[in-house]
Amino acid sequence: MVTAIGFEGSANKLGIGVIRDGKVLANCRTTYITPPGEGFLPKETAQHHRQKVLSVLKQCLEEAGVSPSEIDVVCYTKGPGMGAPLSTVAVVAKTVAQLWNKPILGVNHCIGHIEMGRLITGAKNPTVLYVSGGNTQVIAYARKRYRIFGETIDIAVGNCLDRFARVIKISNDPSPGYNIEQLAKHGKKFVQLPYCVKGMDVSFSGILTYMEERTSNLLRSGFTPEDLCFSLQETVFAMLVETTERALAHCNSSEVLIVGGVGCNVRLQEMMGEMCKERGAKLFATDERFCIDNGIMIAHAGAEMFQAGVRMRWEDSGITQRYRTDEVETVWRVD
Amino acid sequence: MNLDLRTNAQLQIKIYRNIKNVKNLKQKLISGELKCCMIKPSLIYDPFQIAVAANKALASAKLITKTIFSEILFNLSVSKHITRSLQTFGIDDNDENILVVTISQNGEDNSESVYSQIDGEEVELSQLKNLSDLDNIKNVYKISEKESLTIPLIDSIVSRIATKDFLSH
Amino acid sequence: MEGFELIKQGAEAKLYKGIYLGKPTLAKERFVKEYRHESLDSFLTKERMKAESRAIVRCKACGIRTPALYLVDFKRRIIFMEYFEHSITLKDFIESCSSPQVLESISFEVGKMLGAMHESNIMHGDLTSSNILLVNRDDVQKFDDVSELYLVFIDFGLAQFDGSAEDKGVDLYVLERALNSTHSVANKIFPKIIEGYRESYTVGCKEIFSKYEEVRARGRKRTMVG
Chain C
1 MVTAIGFEGS ANKLGIGVIR DGKVLANCRT TYITPPGEGF LPKETAQHHR QKVLSVLKQC
61 LEEAGVSPSE IDVVCYTKGP GMGAPLSTVA VVAKTVAQLW NKPILGVNHC IGHIEMGRLI
121 TGAKNPTVLY VSGGNTQVIA YARKRYRIFG ETIDIAVGNC LDRFARVIKI SNDPSPGYNI
181 EQLAKHGKKF VQLPYCVKGM DVSFSGILTY MEERTSNLLR SGFTPEDLCF SLQETVFAML
241 VETTERALAH CNSSEVLIVG GVGCNVRLQE MMGEMCKERG AKLFATDERF CIDNGIMIAH
301 AGAEMFQAGV RMRWEDSGIT QRYRTDEVET VWRVD
Chain H
1 MNLDLRTNAQ LQIKIYRNIK NVKNLKQKLI SGELKCCMIK PSLIYDPFQI AVAANKALAS
61 AKLITKTIFS EILFNLSVSK HITRSLQTFG IDDNDENILV VTISQNGEDN SESVYSQIDG
121 EEVELSQLKN LSDLDNIKNV YKISEKESLT IPLIDSIVSR IATKDFLSH
Chain D
1 MEGFELIKQG AEAKLYKGIY LGKPTLAKER FVKEYRHESL DSFLTKERMK AESRAIVRCK
61 ACGIRTPALY LVDFKRRIIF MEYFEHSITL KDFIESCSSP QVLESISFEV GKMLGAMHES
121 NIMHGDLTSS NILLVNRDDV QKFDDVSELY LVFIDFGLAQ FDGSAEDKGV DLYVLERALN
181 STHSVANKIF PKIIEGYRES YTVGCKEIFS KYEEVRARGR KRTMVG
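Protein chains in written order, with UniProt numbering: chain C, 1 to 335; chain H, 1 to 169; chain D, 1 to 226.
See below:
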C-alpha cells in the first residue's frame, strides 16, 4: 500500500495530488491565466508557481487528511516541459522530500497522463492519443515501452488552438481551448483549411500559419469567429482521429484512450467515438480533473514506479525539458 | 467474352484479316449504321486492354464522345483530344486487318448483324500477337525503356487508360 | 459489393477481393468517414484517390512495381486494381525471416527503390512495412527464396509530388519510426535501407539527410511554448 504525493508544474498548471493504493485522496490545482491575446512565458509561469505552491501543498495535505509521515514517496514531474516552471516545482518537491525524509522520484509527464487515464477509465491496453498544449502523440504499448506511433512534426494541437485563440483575442479563462470549443458549437459555415497528415504523423504549423494570415480576410468575407473555431476544430480533430485510426488498425487494437488537456474537448471525444463505433473499438476518456495537467497523475505514476522498485538517486533528481515517452522502461507493467 | 461490372454487359471481340470493304465499313461506322467499335489491331497488345477501356465507358455516368463505341476508342488513347484519339485507334481506309468489338447488354445482342457486313476472314484472337506492333504501342502510350524493363506491358497500358481523365500522360 | 469479399478494413478504406474483368482484383473503397465534416470528407477522398493513382502510375515510369489500375471510380469512391494473390507484406516477411543476410539484402533493395521514387519526386507519405509487398514471380505461395520474389509498393493515398527535401526527409523519418514501433530488428533493417537509398539516389540526397536529421531532432527537442 503506497501513499504518494505528486507535484506537477511543467506548463501553466500547478497541481499537487495525494494518492493511496489507487484511490485519489486529494487533487488540487491552480492555473496561471494570461490576458487575452497573450501566451504564457517561462519566467512569469515559474513566478506564478512559486507564489502558489506552498498554499496548494497545504490545501492538498489538508484535503487528503494525510500527514507527511504517512507518505511513502514524493513524486515530481521531471519533464518534458518548460524549464523554469519545471525547476521551480522540482525544487519544492525535493525540499519537501528531504524535510520529511522520504524518497524522491522524477516522473515523465506524458506517462503520468497515460497511467492516470488507464487507472480512471479501466482501459487495459489502449491506443493512446495524448493531446495538450505541448504534446501531440499517438502512443501504443509494445515491448516494455510506450512507443510513439505518430506525433506532430512541428507544434502540438493545443498550441495551435491556443495561438489561434490569440489571433481572435479570445479570453484565456479558464483556458483558450475551452473557449474555442464553446464558440465552435455555434459555428455554421465550414471553411476549407489546410489538412496535413503525413503517415502516422501530423503537422499543425501549416494550418496555424494559414489562420494567422487569413483570419482577418475570412472575417471580412462573411465568416464569423464561431465559424472559424468550428472549421479549425473539425479539421485538426479530423487529423487526430485519422492518425489514431491508423495506429489502431496497425496495432489491431480495440481501445482508444484520450489524455491531455485537449482531451477534455467534447467535440474531439464525439469524433473519436464515431470512429471507434465504425471500427467496433471502445473509447475511453477522462474529465477535466484528470485530462488537464494535474498532480495526482504524477503521484499515481510515481506510486506504480515505486512499487515496482524504481528508485532515484539524489544526484539524478533534476529536470529535463526534453523527455521522450519511449525513453522510460515501464517496469511496473507486467504485460 | 468478358463480363463488365454491374452494367450487365458483355464484350465480344473478333479479329478479321484481309478486309475487302474497309471504306464501306468506315462509312457505316460514321453514319451510325454499324453499331460496334472497330480498332486497329496493331495498337492492341491484349484484349484486356479493350476490356478496361470498354468497362470505363460503360461505368461512367456521362459520355464524352457521341457513342459508347467512339468512347471506347477515346478511352484507349492517352490523348484528351477526341479526334486525334479516334484517328489513332480507329480504322482507316488502308487497314487490311481490323479488330471488332461488340457489346451485348440486357439480353440485346447485335453482334451477328455486325459480322455479316464484314468482308474478310475471321481469325483466332490468339493471332493478335502477330498483329500487335509493340514499338508503336510503346510509342503511343509513351512507355519508356526504363518502365518496360520491369513493368508488364499490359499493366503500363491499362493503368494509363484507367487514369487518363485526371492525369496527364 | 457484389461478387467481392471484404478482406480488410484498414484505417483509410475497406478492401474487397474478387474477380473483375476476368482478373483477380482488389477493390479499395474509401468509405465515408462519418466523423468528418461532409465537405472535408469528400474533398479528402477525391484528393487521395487522385494522389494514389498518380503515384501508382508515376512509380511505374521509374520502374517501380505497383498494382495495375483497372478503374478509378470517383462517384463510388472505389479504385479497382490488380490483386497479388501470392504475396506477403514486408511486415510479415521480416517477422518470419530467420536469416539476417536475407533481411539485409531485401532492405537494401527497398532502399534502392525508395531512392528511385524520391529521385522522381514521388513521396509515398505513409511508408510502413505493411505497405510494401513481396510477390512470388511464379504465382505460388512460397516466400523463402528471395530470388523468386519481387517488391511491390502499395497504399499511396498520402503521396505528394512537390519534391521538397523536407518532405523526402519526413518520408524517411516516418518509415524509420514505423519500423521501430513494429519490429525489434528495426535497427538492423533501416541502415540497410538507407544504404540502398544512397546507392540509387546519388545526387541531392545529402540535403535530404540533413532535413531528415532535422525532423528527427525536432521530435527529441520539442519544447513547450505557451
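Built from N, CA and C at the ideal position, the CB exists for glycine as well. Given the structure is predicted, the values throughout are model-derived calculations rather than measurements.
Item	Value
Can you name, in chain order, every residue of its own chain whose Cβ lies under 7 Å from the Cβ of F89 of chain H, other than the five neighbours on each side?	I39, K40, L43, L73, L76, S77
What does P41 of chain H pair with, by DSSP beta-bridge criteria?	The partner list for P41 of chain H (beta bridge, DSSP) is empty, contrary to what the question assumes.
Mind pulling the chain C residues with CB within less than 9 Å of F93 of chain D?	In chain order: nothing, as chain C lies at least about 16 Å away.
Looking at the C-beta of G63 of chain D, does it have a partner C-beta in chain H at a distance below 7 Å?	yes
Output needed for residue 353 of chain C: all residues of its chain with C-beta closer than 7 Å, excluding positions within five of it in sequence on either side, in chain order.	The structure shown does not extend to residue 353 of chain C, since chain C is modelled only from 1 to 335, so the question has no answer here.
Report the neighbours of F43 of chain D on chain C: residues whose CB is nearer than 9 Å to its CB, in chain order.	Q192, Y195
Along the segment 30–41 of chain D, what residues have a CB closer than 9 Å to any CB found in chain C?	F31, K33, E34, Y35, R36, H37, E38, S39, L40, D41
Go to D92 of chain D, then tell me how far its alpha helix (DSSP H) extends in each direction, as first and last residue.	90–96
Put L25 of chain C into one of helix, strand or coil per three-state DSSP.	strand
With 7 Å as the threshold, decide whether the Cβ of S156 of chain H is near any Cβ in chain D.	yes
Whose Cβ in chain D lies nearer than 8 Å to the Cβ of V52 of chain H?	L21, Y70, L71
Compare the C-beta of S120 of chain D against all C-beta atoms of chain H and say whether one is closer than 7 Å.	no
Pop quiz: S53 of chain D and V72 of chain D are said to be a contact at Cβ under 8 Å. What is the actual Cβ separation, rounded to whole angstroms?	5 Å
Can you find a C-beta in chain D that's less than 7 Å from the C-beta of A162 of chain H?	yes
If you follow the beta strand (DSSP E) that R145 of chain C is part of, which residue opens it and which one closes it?	145–151
Is there at least one non-hydrogen atom of the ligand FMN closer than 6 Å to the beta-carbon of G9 of chain C?	The ligand FMN is not part of the structure shown, which contains no ligands of any sort.
With DSSP as the reference, label V174 of chain D as helix, strand or coil.	helix
Report back the beta-carbon spacing between K142 of chain D and Y83 of chain D to the nearest angstrom; my notes put them in contact at under 8 Å.	Actually they do not touch by this definition, with Cβ atoms about 18 Å apart.
Under 7 Å, do Y35 of chain D and V128 of chain C count as touching if we go by C-beta distance?	no
Output yes or no for whether 7 Å exceeds the beta carbon distance between E115 of chain C and A247 of chain C.	no
Which residues mark the beginning and the end of the beta strand (DSSP E) in which E122 of chain H is found?	121–123
Judging by CA-CA distance, which residue of C:V167, C:T325, C:I5 is the nearest neighbour of S181 of chain D?	C:T325
Pull out every residue of the segment 219–240 of chain C whose Cβ sits closer than 7 Å to any Cβ of chain D, in chain order.	E234, T235, A238
What separation, rounded to the nearest whole angstrom, lies between the Cα atoms of T83 of chain H and H37 of chain D?	42 Å
Less than 7 Å between CB atoms is the rule here; does F149 of chain C satisfy it with respect to chain D?	yes
Tell me F29 of chain D's beta-bridge partners as DSSP assigns them.	The residue asked about is misnamed: residue 29 of chain D is Glu in this sequence, not Phe. For E29 of chain D, which the question treats as bridged, DSSP gives the partners D:K14, D:I78.
Counting pairs of Cβ atoms below 8 Å between the segment 124–137 of chain D and the segment 147–160 of chain D, do you hit three or more?	yes
So which of C:V89, C:P80, C:Q192, C:L228 has the shortest CA-CA distance to V74 of chain C?	C:V89
Using 10 angstroms around the beta-carbon of K164 of chain H, count the other beta-carbons present and answer buried if the total reaches 16, otherwise exposed.	buried
D93 of chain H: which of H:I15, H:D155, H:K20 sits nearest, CA to CA?	H:K20
Can you pull out the residues from the segment 137–150 of chain H whose beta carbon lies closer than 7 Å to at least one beta carbon of chain D?	S144, K146, E147, L149, T150
DSSP three-state label for V215 of chain D, please.	helix
Using a Cβ-Cβ cutoff of less than 7 Å, which residues in the same chain neighbour E63 of chain C once the five nearest sequence positions on both sides are dropped?	A26, C28
Starting from the beta carbon of E181 of chain C, find every residue of chain D whose beta carbon is closer than 9 Å, and list them in chain order.	Ordered by position in chain D, no residue passes the 9 Å Cβ test against E181 of chain C, which lies about 16 Å from the chain.
Can you tell me whether S70 of chain H is buried or exposed? The criterion is at least 16 other CB atoms within 10 Å of its CB, across all chains shown.	buried
So with Cβ pairs under 7 Å, would you call S85 of chain H a contact of chain D?	no
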